Ligand SMILES: Cc1cc2nc3c(=O)[nH]c(=O)nc-3n(C[C@H](O)[C@H](O)[C@H](O)COP(=O)(O)OP(=O)(O)OC[C@H]3O[C@@H](n4cnc5c(N)ncnc54)[C@H](O)[C@@H]3O)c2cc1C
Ligand code: SF4
Ligand code: FES
Ligand code: FES
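Protein chains in written order, with this note's numbering: chain P, 15 to 181; chain D, 33 to 343.
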């Protein structure tokens, strides 16, 4: 089935079996292997990408459902010579060990800071209308990204750094 | 996944007609439950009808002071909606207690109501399960059933409904609006929407084959303190062992419960009583527990105590 995806600003035309998940379209068809497959069932967050400005699990959606959509992956956030501030902060704060969960963590973290700015509440927000940065807020909002290496405290420091907050 | 064909619907009536034309089809909205189950071949539709392009993604006031929530409104957007935050805070709270940020960005109002059970044997295709394969038996009865239901169960199935949002919808007396292939519309009160398992645990709702949910409507807001308290094995990103949705206000109190039954559980008679002991006794009247899940009754009592102290 003919499907057009706008990936990292580039229009890509693909002919896909409808069963192809967005994750497989990115990795197997477009060879953007930065986005990782962990569980393939929405449980780990390794496959997190930003679609039309919102973070989602690319393993639990079909590429054909996203015809015409703008998709941002870790490759589109920054390049080795020109890192996104969140990528830089993960390096500075050692926000990873093996690195497998990292692209998902970074995509999620970038979107989390946007969600805070947009005033979107979370489970730990004491007041649904007053949303502010805090350790609890970040920990709750990042709970969909699992890190088997347990780099969580450094991941938090990287995010706090980009948010301009003291960790 | 088994092969399937795929098409996009552009109007609700067209979606319902497409479903009627192909009985082995399913609607796909967020896909976060359906695709998960298709990968495991627990769901094997031959045809998918993508409803994501339908114009059903708005939250609008109704003329009787309530709110009409389009079937495709995403869980994040519903939880963050200004009117919902202000007037139906228990719904925001229930939504935010479920899943993860990524999943809530994708999950829809209709899909959330229709998500299927998390019973471990429903997911294990090597085990008997009457819900997955009618007549095959129930592996949970003699197996691991710590998380499963204690109210309204049957010999055939003791699964729970996993949705947090649905518990708040039950508390708020929501109503589910639908359209069928012939264009007929109806509104189903949430109390009648989800079914008890009985002898047919594979039939989970009052929807007819091919019937499309177009919206969920809420009556005018109920004054009082809105609370949703979820108890789970870890503090985030886990399904409920039990949950309590409550509104306590000048016109009385009301409660709905998750993790107890095959549907959001509400016992209106219990709302006239006072104190966690009396309310729990009334809500769990006739409970059928197993040695593994009997803890849910004292847990419910203590959680209610905490909710009443907070409210
Ligand atoms: C790891 C994980 C953790 C989770 N944790 C929680 C949790 O803690 N609490 C919780 O409540 N939920 C949880 N969920 C479940 C999540 O909330 C559901 O997957 C989601 O709400 C389903 O919505 P959807 O739009 O993606 O549905 P889909 O997967 O698209 O559809 C689900 C079902 O609804 C049908 N359907 C969809 N739209 C319509 C319509 N308009 N009319 C008729 N039928 C329709 C589909 O045919 C399908 O049968 C979790 C899920 C995952 C993967
Ligand atoms: S409790 Fe229900 S869902 Fe679980 S194994 Fe038994 S029949 Fe299947
Ligand atoms: S690979 Fe998508 S959430 Fe794990
Ligand atoms: S760095 Fe190894 S899984 Fe997170």
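A virtual CB, placed ideally from N, CA and C, is assigned to each residue, including glycine. From a predicted model like this one, the values you see are computed outputs, not experimental measurements.
Could you pull out every residue in the same chain whose Cβ sits closer than 6 angstroms to the Cβ of residue 328 of chain D, ignoring the five residues on either side in sequence? 182 and 274
With H, G and I counted as helix, E and B as strand and the rest as coil, what does DSSP make of residue 221 of chain D? strand
Sort out for me which residues DSSP pairs residue 154 of chain D with in a bridge. Note: residue 154 of chain D sits in no beta bridge, so no partner.
Min CB distance residue 56 of chain P to chain D below 8 angstroms: yes
Under 6 angstroms Cβ to Cβ from residue 124 of chain P, same chain only, skipping five residues before and after it: list those, please. 100
Could one say the Cβ of residue 35 of chain D lies closer than 8 angstroms to chain P's Cβ atoms, at least one of them? yes
First through last residue of the alpha helix (DSSP H) which encompasses residue 170 of chain P: 166-177
Please report whether the beta-carbon of residue 269 of chain D lies at a distance below 8 angstroms from any beta-carbon of chain P. yes
Since residue 27 of chain D meets chain P, which of its residues come closer than 7 angstroms, beta carbon to beta carbon? Coverage of chain D is limited to positions 33 through 343, which leaves residue 27 of chain D absent and any answer about it impossible.
Please confirm whether residue 301 of chain D and residue 314 of chain D have their CB atoms less than 8 angstroms apart. yes
Check whether the Cβ of residue 163 of chain D sits closer than 7 angstroms to any heavy atom of ligand 2, and report yes or no. yes
How would you call residue 95 of chain D, buried or exposed, if buried means at least 16 neighbouring beta carbons within 10 angstroms? exposed
Cβ of residue 277 of chain D within 8 angstroms of Cβ of residue 288 of chain D? yes
Nearest to residue 90 of chain D by CA position, among D:80, D:106 and D:83, is which residue? D:106
Once you ignore the five residues that flank residue 180 of chain D on each side, which residues in its own chain have a CB closer than 7 angstroms to its CB? 151, 172, 190, 191, 192 and 325
8 angstroms Cβ cutoff, residue 22 of chain P in contact with chain D: no
Using the beta-carbon count (16 or more within 10 Å), is residue 285 of chain D buried or exposed? buried
Shorter than 8 angstroms from the beta carbon of residue 148 of chain P to some beta carbon of chain D? no
If you measure beta-carbon to beta-carbon, which residues of the segment 133-159 of chain P are closer than 7 angstroms to chain D? 134, 135, 136, 137, 142, 143, 154, 155, 157 and 158
Residue 155 of chain D and residue 253 of chain D look like a contact to me (Cβ under 8 angstroms); what is the Cβ gap, rounded to whole Å? The pair is not a contact, with the Cβ atoms about 38 angstroms apart (cut-off 8 angstroms).
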